[in-house]
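First residue of the sequence shown? That's 100 in this note's numbering, and the numbers climb one at a time after it.
Just below is one structure, and these are the notes that go with it.
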Amino acid sequence: MPTKNPRINVALAKPIYTLIERMAQERGLSLSMVIRDLVREALEIHEDAVLVRVADERVATLAGRKTLTHAEVWE
């Protein structure tokens, strides 16, 4: 089946494959679609974790500095 999207082959442990297969059956989707959705969710979670780390680093550099609240900024 020709496609525009790149493809990746992945070897899965049998228990993981079985879970994904069950998810696909429950949702009426192909295995590929379930894997695609799971990868997308994982990337969003990873992005959130990275952004939290960046925010924490920025907060750490503010130690002892005067900061403004949201309300003070918009006064």
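Built from N, CA and C at the ideal position, the CB exists for glycine as well.
All values reported here derive from a predicted model rather than from experimental measurement.
- Linking Lys113 to Glu120 through their CA atoms gives a straight-line distance of about 10 Å.
- Only buried fits Val133, as 16 or more other CB atoms lie within 10 angstroms of its CB.
- The three-state secondary structure of Ile115, taken from DSSP, is helix.
- The alpha-carbon separation between His145 and Leu137 amounts to approximately 12 Å.
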